[in-house]
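One structure is given here, and the rest of the page talks about it.
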C-alpha cells in the first residue's frame, strides 16, 4: 500500500507522510479510535490535513485528487458511485478514503470511541460533520473515465473475516449519536513507534494499545 500511494501522490506533487496504526491489544478492532490516535500523530508531525485511508483500497485512476481540501471542506475520494463494493453506494456513505483538515476534525471532536468490531462508525461521524455544517458541500469525484470496477483496487483478504458480531447492548448503542466520546477522550498507549522504508517511501508505524471502559462498552471484547 505505502509504495503505491507514495508513487500516486508524488505524481500529483502532494507532500505527504504515512502513518500506519496497528492495534495490538486484546480488544476487538476499533477503527475510529485508531483514527483519533492518528490525528494526534499527524498533529505531532506538523500536518495540516489528514486522509483517513482504509488499507484495503488503492486508488488507480490518476484523476482522483488528493490535494488539500481547504478549510471547512470535506473531500470524499472513495464515493459510493466509484467504490468497488456496491452496497456502499448510498448518500451518507463517507467511508474508505476521506480527507479534511486537522482543524475541522478537532472541531467535531473526532470520531466516536464506542465502535468495537466493524461498521457504523463512519455513519456516526457523518452526523458530527452534519451538525458542524460540513456535509452540504462534500467534494466527491465526478465524471471520471473509470467506474466502480477499475477506479480502485480492493485488496481485502477473504480469509480475514471482518468482525460484525453484535454483543450485549451494542446494536442499540451503535445507532445513537455519541455525545460522550471522541478525540478528547480516546485512551491509548503507544507500545512502539518505528520508521519503515519502502524504497523511496517511508511510513511511521505505531503499535497501539487501546483502553476500554467495560461499564460503558462491555462489547469491546468477546466473552471468555
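Numbering (our numbering), first residue to last: -18 to 205. C-beta atoms are modelled at their ideal positions from N, C-alpha and C, and glycine is treated no differently. Bear in mind that the values here come from a model prediction, so they are computed numbers and not experimental data.
Residue i and residue j closer than 9 Å at C-beta
i	j	result
residue 55	residue 103	no
residue 166	residue 94	yes
residue 179	residue -13	yes
Opening and closing residue of the alpha helix (DSSP H) in which residue i lies
i	result
residue 54	Careful: residue 54 lies outside any alpha helix (DSSP H) and carries neither H nor E.
residue 40	Residue 40 -> not in any alpha helix (DSSP H); beta strand (DSSP E) instead, spanning 38 to 40.
residue 107	102 to 112
Given residue i as reference, the closest of the options once Cα atoms are compared
i	options	result
residue 9	183, 182, 146	146
residue 121	199, 185, 46	46
residue -16	169, 171, 184	184
residue 202	148, 165, 153	148
residue 26	-7, 174, 205, 157	174
residue 36	23, 76, 22	76
residue 188	123, -13, 19	19
residue -9	190, 150, 186, 182	182
residue 5	190, 161, 17, 200	190
residue 198	96, 34, 17, 126	96
residue 125	60, 13, 11	60
residue 152	72, 116, 98	98
residue 171	14, -7, -12, 73	14
Range of the contiguous beta strand (DSSP E) that encloses residue i
i	result
residue 149	Run containing residue 149: none; DSSP gives neither H nor E here.
residue 63	It is not in any beta strand (DSSP E) - residue 63 carries neither H nor E in the DSSP assignment.
residue -14	Careful: residue -14 lies outside any beta strand (DSSP E), inside the alpha helix (DSSP H) at -17 to -8.
Supposed close pair residue i, residue j - CB separation, criterion 8 Å
i	j	result
residue 66	residue 135	7 Å
residue 186	residue 17	With 8 Å as the limit, residue 186 and residue 17 do not qualify as a contact, their Cβ atoms being about 17 Å apart.
residue 159	residue 105	6 Å
residue 101	residue 155	5 Å
Inset, instruction - Would you check if the segment 17 to 32 and the segment 82 to 97 touch, i.e. whether three or more CB-CB distances between them fall below 8 Å? - result: yes
Legend entry - Touch test, the segment 87 to 95 against the segment 122 to 131, Cβ-Cβ under 8 Å, three pairs minimum: no
Inset, instruction - Check whether the segment 38 to 56 touches the segment 194 to 203, taking contact to mean three or more Cβ pairs, one atom from each stretch, closer than 8 Å. - result: no
Inset, instruction - Say whether the segment 45 to 59 touches the segment -2 to 16, bearing in mind that this needs 3 or more beta-carbon pairs closer than 8 Å, one atom from each stretch. - result: no
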